[in-house]
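Below: one structure, written as structure tokens.
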Amino acid sequence: MKRFFSGLETWGKDVILKKVVSNSAYLFGSQAASAVLSILAANLLGVASFGELGVVISFVTNINRLLSFRMGDFVVRYMGGYLAEDKGKNASAILKVAGLTEFSTSCVAYLVLLALSRWGALTFAKDLATQPLFIIYGFTILANVVTETATGALQVTGRFRSIALLNFGQSLITVGLFAVVVFNQGGVFAVMLVYLVGKIILGVGPVLLALYWLPQTLGKGWWRTPMRGNLPERKAMIKFAVNSNFSGTVTILARDSEVLWVSYFFDTTVAGYFKVALAVINLVVMPITPFISTTFPEITRHVAKREWARLKQLLVRVTTISGVWTGAVAAGLLLMGRQLLFSPWSLFGRTIFIYKEAYAPAYAVLLVLLIGYGVANIFYWDRSLLLAFGRAELPLRVSFFAMVGKVGLAFLIVPVLGYLAEAALFSAYFVVSVGFLVLMGMREIRSQSV
0 MKRFFSGLET
10 WGKDVILKKV
20 VSNSAYLFGS
30 QAASAVLSIL
40 AANLLGVASF
50 GELGVVISFV
60 TNINRLLSFR
70 MGDFVVRYMG
80 GYLAEDKGKN
90 ASAILKVAGL
100 TEFSTSCVAY
110 LVLLALSRWG
120 ALTFAKDLAT
130 QPLFIIYGFT
140 ILANVVTETA
150 TGALQVTGRF
160 RSIALLNFGQ
170 SLITVGLFAV
180 VVFNQGGVFA
190 VMLVYLVGKI
200 ILGVGPVLLA
210 LYWLPQTLGK
220 GWWRTPMRGN
230 LPERKAMIKF
240 AVNSNFSGTV
250 TILARDSEVL
260 WVSYFFDTTV
270 AGYFKVALAV
280 INLVVMPITP
290 FISTTFPEIT
300 RHVAKREWAR
310 LKQLLVRVTT
320 ISGVWTGAVA
330 AGLLLMGRQL
340 LFSPWSLFGR
350 TIFIYKEAYA
360 PAYAVLLVLL
370 IGYGVANIFY
380 WDRSLLLAFG
390 RAELPLRVSF
400 FAMVGKVGLA
410 FLIVPVLGYL
420 AEAALFSAYF
430 VVSVGFLVLM
440 GMREIRSQSV
């Protein structure tokens, strides 16, 4: 027991762990209002309309992600490595090439959305009248033309408090606008406009923050740094960007399109069940989600400096934190989730509810999804570790084959067994892909340390 408590004392003295936890706390505090907004929107719109809104948001978001080349990962990997080696000019050049690439692909993404909006309305929303919703919400793509690049730069330079304050301010604005919508009993279009305003703030805000903070790290004239001679070997750089983008594409098909998949196989009512289940899951993973963006720069820094003991210590400790949290919340949802979330209960003599009883079928979906999300939440660093080693092709291969299996089986069994089969396939995808990536990451550490 004495040894246990002395071990905990060393945790309190771990500067890197304290940095990751404090930065994550900033981001967590800023995300809570978004979760409340999702609950209010679900109860205002009803199951089918809430599912329709989810289809629109998911379709537009995934088209943007499809062509974004995940510049955030690229910036953290290369700019973070150069800053760890005090190579400011190289870091500036990386930032410029990332911004130009993201700007170009974002413009293309909006044109692709315009071309596919009719197909998306008919195939997923199953109503041509929803096509204008796809086009209007697509303005979020134009508002996010260099957002990933800017966010990656803020993460690398440790400006998590600024990101959190921006997110918190955006949440206050959107909650205020949503209150107006609720007061006027607005429908899907009005709620979508609230989400649109929030996304525009989150798109433009990081760019303004980056322009404000970067001169302190890179110098006042950092954007004048020539790219020629200051970039890494072109083949390796392009390979990393392409592989990370393909990995993102696979992720879109396998894990970020569940609302679209169930709407395709069934209807927007089932999409509403899945959107609610995923919203509750997001509440479960919310305290851990910020760790992804805060741990990645630290992992990259340890790899660049070849600090293998510190890297392993960081991974063990953040995994312990995520494991304890995930296990505790999962047990709570299993024992009391249905009564708490989907049944009316009394508080100070008043009957209240979180989600209306019409959403009760989402509970079964939630429990099935919790298995896969639990594994992914505990080992959230699986992909980041391999990216820090520059091995973007490994997550791509694992995710690709897992995605092929998931999607192929979905067409075979989901129409026969129902929407819970889709939830089961989703969980299996997480368990298989995350398990393999963790094993590969550990093998890479052992190989490099030798």
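This note's numbering puts the sequence shown at residues 0 to 449.
Using N, Cα and C, we set each Cβ at its ideal position, and we do this for glycine too.
The structure presented is a predicted model; accordingly, all values stated were derived computationally and were not measured.
Helix, strand or coil: how does DSSP classify W260 here? Helix at W260.
Pull up the DSSP beta-bridge partners for W344, would you. Paired residues: I351.
For A287, the three-state DSSP class (helix, strand or coil): The amino acid at residue 287 is misidentified as Ala; the sequence shows Ile. Here I287 sits in coil by DSSP.
Report the residue from L113, V317, V275 whose alpha carbon sits nearest the alpha carbon of T293. Nearest option by C-alpha distance: V317.
Say whether the stretch 272 to 279 touches the stretch 364 to 371, bearing in mind that this needs 3 or more beta-carbon pairs closer than 8 Å, one atom from each stretch. As far as the Cβ criterion goes, the stretch 272 to 279 touches the stretch 364 to 371, which means the pair count is three or higher.
Which of helix, strand or coil DSSP assigns to M226: In this structure, M226 counts as coil in the three-state DSSP scheme.
Compute the Euclidean distance between the alpha carbons of I140 and F265, then round it to the nearest angstrom. Taking the straight line joining both Cα atoms gives about 28 Å.
For L66, three-class secondary structure by DSSP: It is coil, neither helix nor strand.
Residue range of the alpha helix (DSSP H) that P131 falls in? Residue range 130 to 136 is occupied by the alpha helix (DSSP H) that includes P131.
Helix or strand or just coil, what does DSSP make of A378? One detail in the question is off: residue 378 reads as Phe in this sequence, not Ala. Three-state DSSP puts F378 in coil, outside helix and strand.
Below 8 Å CB to CB, which residues in the same chain sit around F177 once its five sequence neighbours on both sides are set aside? L36, L39, A40, V190, V193.
Starting from A401 and walking both ways along the alpha helix (DSSP H), at which residues does that stretch end? Unbroken alpha helix (DSSP H) run through A401: 392 to 416.
Strictly under 7 Å for the Cβ-Cβ distance: is T293 near chain B by that measure? No chain B is present in this structure, which holds just one protein chain.
What residue from G204, T129, G197 has the CA that sits closest to V55's CA? With respect to the C-alpha of V55, the residue from G204, T129, G197 having the closest C-alpha is T129.
Evaluate G175 with the Cβ neighbour count: other Cβ atoms within 10 Å of its Cβ, from every protein chain shown; 16 or more gives buried, anything less gives exposed. So G175 ends up on the exposed side.
Thinking C-alpha only, which one of A163, I237, G157, G137 is nearest V196? Considering only alpha carbons, the answer is G137.
Other residues of its chain near D381: CB distance less than 7 Å, five sequence neighbours each side excluded: A distance below 7 Å between beta-carbons, with the five flanking residues on each side excluded, links D381 to the following residues of its chain, in chain order: V433, L436, V437, G440.
Return helix, strand or coil for G218, following the three-state DSSP convention. Residue state, collapsed to three classes: coil.
With H, G and I counted as helix, E and B as strand and the rest as coil, what does DSSP make of E101? In this structure, E101 counts as helix in the three-state DSSP scheme.
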